[in-house]
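Participant: In full-length UniProt numbering, the protein residues as written are 1 to 38. Got a structure for you, questions after.
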């Protein structure tokens, strides 16, 4: 079982990747991450 701190770190890391690499070409991915985890 992954502890909550690791989950938060992973979420922030994935959000950063989405913002950097996907936001311009496919913003829906970024917003979908935010919808699922918020």
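Note that beta-carbon positions come from the ideal geometry of N, C-alpha and C, so glycine has one too.
1. Mapping DSSP to helix, strand and coil, what is residue 40?
2. Report yes if the CB atom of residue 14 is closer than 9 angstroms to the CB atom of residue 31, and no otherwise.
3. Within this structure, are the beta carbons of residue 10 and residue 20 separated by less than 9 angstroms?
Facilitator: Result, derived from the coordinates:
1. Summary: the structure shown does not reach residue 40, with the chain confined to residues 1 through 38, and so no result is reported for it.
2. no
3. no
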